[in-house]
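Below is one structure, written out as structure tokens; comments come after it.
Number of protein chains: 4
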Amino acid sequence: MYLKGEIRLLLEIYRSFGVNLDLAVEAREIVRGETGQEIPGVKVDRESYEHASVTIVEIVDKSAEAVMGKPVGTYITVEAPVLRENNPAAHQQVGEVLARNLSRFVNLSEYSNILLVGLGNWRATPDALGPKVIENSLVTRHLFNYAPQELKGGMRSVSALAPGVLGITGIETAEIIKGVVEKVRPELIMVIDSLAARSVTRICTTIQIADTGISPGSGIGNRRAGINRETMGVPVVAIGVPTVVHAAVIAQDSINGFLEEMKKNNQAFQGLNPGFAQHIIGKVLEPFGGGNLTVTPKEIDSLIHAMSKVIAGGISLALHPGLTADDYAYYLH
Amino acid sequence: MYLKGEIRLLLEIYRSFGVNLDLAVEAREIVRGETGQEIPGVKVDRESYEHASVTIVEIVDKSAEAVMGKPVGTYITVEAPVLRENNPAAHQQVGEVLARNLSRFVNLSEYSNILLVGLGNWRATPDALGPKVIENSLVTRHLFNYAPQELKGGMRSVSALAPGVLGITGIETAEIIKGVVEKVRPELIMVIDSLAARSVTRICTTIQIADTGISPGSGIGNRRAGINRETMGVPVVAIGVPTVVHAAVIAQDSINGFLEEMKKNNQAFQGLNPGFAQHIIGKVLEPFGGGNLTVTPKEIDSLIHAMSKVIAGGISLALHPGLTADDYAYYLH
Amino acid sequence: MYLKGEIRLLLEIYRSFGVNLDLAVEAREIVRGETGQEIPGVKVDRESYEHASVTIVEIVDKSAEAVMGKPVGTYITVEAPVLRENNPAAHQQVGEVLARNLSRFVNLSEYSNILLVGLGNWRATPDALGPKVIENSLVTRHLFNYAPQELKGGMRSVSALAPGVLGITGIETAEIIKGVVEKVRPELIMVIDSLAARSVTRICTTIQIADTGISPGSGIGNRRAGINRETMGVPVVAIGVPTVVHAAVIAQDSINGFLEEMKKNNQAFQGLNPGFAQHIIGKVLEPFGGGNLTVTPKEIDSLIHAMSKVIAGGISLALHPGLTADDYAYYLH
Amino acid sequence: MYLKGEIRLLLEIYRSFGVNLDLAVEAREIVRGETGQEIPGVKVDRESYEHASVTIVEIVDKSAEAVMGKPVGTYITVEAPVLRENNPAAHQQVGEVLARNLSRFVNLSEYSNILLVGLGNWRATPDALGPKVIENSLVTRHLFNYAPQELKGGMRSVSALAPGVLGITGIETAEIIKGVVEKVRPELIMVIDSLAARSVTRICTTIQIADTGISPGSGIGNRRAGINRETMGVPVVAIGVPTVVHAAVIAQDSINGFLEEMKKNNQAFQGLNPGFAQHIIGKVLEPFGGGNLTVTPKEIDSLIHAMSKVIAGGISLALHPGLTADDYAYYLH
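Residue numbers (my numbering), protein chains in the order written: chain A, 852 to 1184; chain B, 852 to 1184; chain C, 852 to 1184; chain D, 852 to 1184.
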């Protein structure tokens, strides 16, 4: 789809409008471009389910990290367009697929202690996914401290935090989490965040889980500092869901579609400034600043509600081995 | 900006993606195109204030109605970029400018009875403006029926309705309003609605008031039936605020920007299908349907909150002649 | 429990603090007092389910109407303490019991057209049940007007309205409903409302359905005008759920408990003013006005959320004969 | 009002239903009882304003601490019944009175760094005050780190945290705060919390500020661990507002009112079990557990909204010496 020079230009445009390639599957697609060949240092595997397909992208070495713009690690993408429909049985299946894939990253004893962190601003709909997952999660740590032994069968100690956003707290999210981690001392952190995608089809239909945590600048809130094993001292699994597409991507795609149309007609431009696309997009989006304008479907409120149930259900199923199917169904709906 | 054939094409593209030109000032701008001459049958007047500028567009006859795609009537646009800032004194001035312009349409005795109608879905942020204005308005009709005479000095009888949206009620909004109008028998109806604009600069900075009521197909919820003097039997003043830009407009603007860039370089296409732009935009936006995807700034929740205060304040000031400045300030904040 | 003179006194106290006996089972209990004999003109029947018990109180004649303070008609009470627990399977059973009992009042052809009305204020938690049921209901009327025939199998035409409250609209709720009824022309109206109970055990565990509609003065919002067959011209089924206990009831129960304690000790008062209890309660509750103070459990938000799902599910199952178990489960959760 | 033995009984009843005497002025009133004499080790001072009266209770020594059941320190109570009315000018005055009294506890350089903490659950109306104050506060710490020097004139570095509640996080609130304090290193902490009062007149009309921080067991959420200078290592100012009365207090007051009525009639009981009141209240409130049932006025949502503005305004005025009157008015409304 893209030639070498074009990729560089595309990424430059994105950068200039604050657009981050949050999804590894999208980064890979762009980098591979028209060559159709796998990127050196990147391994890909796939699984299929009735209502979901899973793509596992492994970034194996530093050279692949540089090309992909994402740290070495494993990125699992669950794609399930059915999440946009009112189909509770199918949502349940997606939750189970999510749980199974989360389990690849969860290597814990029954006494392990896990901290869930929901990033984002619960007052701004597309950024509210993280706090909503926290609200719907099965939190048990306080019961472990106070309740009798028999209540704990099959449950792990889980705590949860919705740290808020920099604009409201005045504190870097990573600082708040680090402070709490030093008190709670979890063996594992799971961070839930809203992402931006390059395609509107992905909004609330795609879930990415990664063992690399959160990179600086990623997420629709552009988290400033990393939340990962390096900064937190324990493994961090990131669960991200695209809830918006940056308006700059829509603009860029439209211009790109035009260029393709021209190529089909064997026409070409001469004398165009290399930065012309950036210039045009800037003029279209300038008033609010490009990175600040996002595209969402009208039904975004209910899509996020449904997605928060699927993720809270999947996490609970992955973390509490003794959870019954009935309890689980409860968390999904 | 546009040549004749281009306007036709542009409007066709908009129509195919369910985009309506809700603002008369924008429709006029497009129709006038590059000619710079006023449209026959359209009169324009302007006023300036410290924090707001006002444009009055009158569509005088049926020929202008056909060209503009909007019914004969008066459309007043208040433009106030300051509404995006935390400046309470400036917001108060905009509310007063709104009140003064609403008064042009309010020709009532002190015993008149006015019905406010807030269109839209309070669960979907950019469509929640109407219901929020209703919540913040100074409603008095029940006091007129129950309270002693001395409480009513300087107040008119005002009632309010938030009828909900078709998807939740199963009933055309116009049917609900008509049913209530036949009970309440107001002398005037004011309808508040969320609109779509062609420019992101207008989001929550522009207020349009019109004596034509609501046309079918307008508003971001695409109200299906008209709410106007014809259907309601009494004058209907519409107060509309752009809260979104359709994604299709962003896409179209980007392509258009490209074409302009080419013209500057004295280049032209050959052999392009006339529907190429529509085709490209369709491909970019297709997954959710073009009309369903909207662009909003991230801070849309707080912008709508502030705007609902300004409008509720302006309406109260226009309808209740005895309202004091202090009461008014309360309604603005 | 109560002697004749005491009942009269109790009802007087309630009336003076704006407390209405919304539940027929509670009115019957009070009126029967200590006699243990059934009230003439009142018939009672019972049914039991695993997770719910059902009491059917029929007020047969005008003399019973006078004694009970509730109009002639049938009052079905579903009691299900399990609604306070996280038990989705049990909630589903309660929804089915509700559907079965609603069906006693639904005598409709497959082409019938039903209007749901959710009373109350969605901004005030304990009064938000009605609007929340409307949001969760399966509304189809607009599909009947626009969709192809094959989509309608097994569905009836259902529309829905949340008319708001007098303080916000300035319009009597009954007027709004009547206006809409004259447009929609339903064969049946179902009205959902929040009630006050005499016992905190009933909060969000009891559902009353009645073929008498809504009486003036009932509900926690003290609806001013009746919504019933007389005012609406078609049958009105009322679905009511206690969400609060008036503080005056707590005060009265405490005093009453004291009197009982005394009796057990064979002591009695002399010289007490007959209005002493009213006087005491008034002093305790006076600052906000007795009728305005309500008692709720801390978890009222989530109790109302769960109850709105059960009721929306039960209504949908009762009205749409073709609804599948899967669809139904979706509406319950 | 109370005799010695009665006070002991009253406090026992409260304790058994989880009722804490959060307000020092109420504790003092009860302890003083009918004697009318000041409690040894307690000093009281008063100030009056047009719309507010201020009572300063100092608990000077350990013996007073034991009698009052509250730690040695200064408790300032601002009483302003006008907060229940729509009177913006009066609310502004109360905010200024609050600011002046907060300043007694704020002994900081212009470079000091302050952390605001809003306790409570934003999903449960009467417990949402803390998080709502955080949302409305003027937070600047991130600007100090990123913005140019000239923006900071007259501002102090303020950050803010809404840590959530144990039931949702599984983590003691004090642990979360301590973790963040170790990162942010503030010179002063201000904690905002919802309290329970003994009188419904106090709901959202009284503000208590204290230099003792939060004691274990206080607040309507019954915070389990203390948040004070001892646990946090820096001074902690607590700002508390009664938003509920425990139902047990209503019950107890009713019984007490009865006893008084009897005394007036020169009657007395014999043979009453000393625990009779506790027994009666238990029977009335038992189903939900006494401490869990709270009394609130119907308009609690809007009362809390107004109060959160007054407190956020007062805090901002106390902490930012350069705040102008206009900025301040904005925060109040």
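From the three backbone atoms N, C-alpha and C, an ideal C-beta is built for every residue, glycine too.
Interface annotation, Arg974 (chain D): in contact with chain C, CB-CB separation under 8 Å. Contacts with chain C at 8 Å (Cβ-Cβ) do not include Asn938 (chain D).
Bounds of any alpha helix (DSSP H) do not take in Leu989 (chain D), whose DSSP letter is neither H nor E. Annotation: Val1096 (chain B) to Gly1030 (chain C) spans about 35 Å, alpha carbon to alpha carbon. With respect to chain D, the C-beta atom of Ala1098 (chain C) has a partner C-beta closer than 8 Å. CA-to-CA, the gap between Val1146 (chain D) and Glu947 (chain D) works out to about 29 Å. In the DSSP assignment, Met1041 (chain C) is bridged to C:Leu967 and C:Val1088. For the pair Ile1151 (chain B) and Pro977 (chain B), the CB atoms are nearer than the 8 Å cut-off. Taking a C-beta cut-off of 8 Å against chain B, the contacting residues of the stretch 1026 to 1051 of chain A are Ser1050 and Val1051, listed in chain order. Non-local C-beta neighbours of Ala950 (chain C) in its own chain, meaning closer than 7 Å and more than five positions away in sequence, comprise Gly1165, Leu1168 and Ala1169, ordered along the chain. In this structure Asp896 (chain D) is exposed. Its beta-carbon is surrounded by fewer than 16 other beta-carbon atoms within 10 angstroms. Your pair Arg935 (chain C) and Leu1154 (chain C) checks out as a contact, with CB atoms roughly 7 Å apart and the cut at 8 Å. Here Glu1026 (chain D) is buried. Its C-beta has 16 or more other C-beta atoms within 10 Å. Out of C:Ala1099, C:Lys1114 and C:His1130, the CA that lies nearest to the CA of Glu1111 (chain D) is found in C:His1130. As DSSP reads the structure, Ile1065 (chain B) sits in a beta bridge with B:Ile1078. Taking a Cβ-Cβ cut-off of 7 Å, the neighbours of Arg992 (chain D) in chain A comprise Gly1021 and Ile1022, given in sequence order. Comparing alpha-carbon positions, the option among A:His902, A:Ser1045 and A:Leu1039 lying closest to Ser960 (chain A) turns out to be A:Leu1039. In the three-state scheme derived from DSSP, where H, G and I count as helix and E and B as strand, Glu961 (chain C) is classed as coil. Look at Leu934 (chain A): its C-beta is not under 8 Å from any C-beta on chain D. Annotation for Gly1005 (chain C): His1171, Pro1172, Gly1173 and Leu1174 place their beta carbon closer than 8 Å to its own, counting only its chain and skipping 5 residues before and after. Chain B places a beta carbon closer than 8 Å to that of Thr1145 (chain A), counting this residue as a contact. Taking 9 Å as the upper bound on Cβ-Cβ separation, chain A lies near residues Val1146, Thr1147, Pro1148, Lys1149, Glu1150, Ile1151, Asp1152 and Ser1153 of the stretch 1146 to 1169 of chain B. In terms of beta-carbon proximity, Glu1112 (chain A) lines the interface with chain B, with at least one pair separated by less than 8 Å. One thing to note: Leu1144 (chain A) has its Cβ no nearer than 8 Å to the Cβ of Pro1093 (chain B). Contact with chain A is absent for Ala917 (chain D), since none of that chain's Cβ atoms lies less than 8 Å from the residue's Cβ. Straight-line spacing of the CA atoms in Val1042 (chain C) and Ala1157 (chain C) works out to 18 Å. When A:Asn1079, A:Glu1081, A:Val882 and A:Ala1047 are compared, the shortest CA-CA separation from Ile1071 (chain A) is found for A:Ala1047. If you look at Ala1011 (chain B), you'll find it in the beta strand (DSSP E) that goes Ser1008 to Leu1012. Taking the C-beta atoms as reference points, Lys894 (chain D) is found nearer than 8 Å to Glu909 (chain D). Taking the C-beta atoms as reference points, Val1085 (chain D) is found no nearer than 8 Å to Ile1078 (chain D). A straight-line Cα-Cα distance of about 20 Å links Val1135 (chain C) and Ala931 (chain D). Following the DSSP letters along the chain, one finds Thr1145 (chain C) inside the beta strand (DSSP E) bounded by residues Leu1144 to Pro1148. In the displayed model, Glu1033 (chain D) falls within a helix according to three-state DSSP. Per DSSP, Arg897 (chain C) is one residue of the beta strand (DSSP E) stretching across Val893 to Ser899. Less than 8 Å divides the Cβ of Leu966 (chain C) from the Cβ of Ser1010 (chain C).
When C-alpha distances from Asn964 (chain C) are compared across C:Val945, C:Arg1053, C:Phe995 and C:Asn952, the shortest belongs to C:Phe995.
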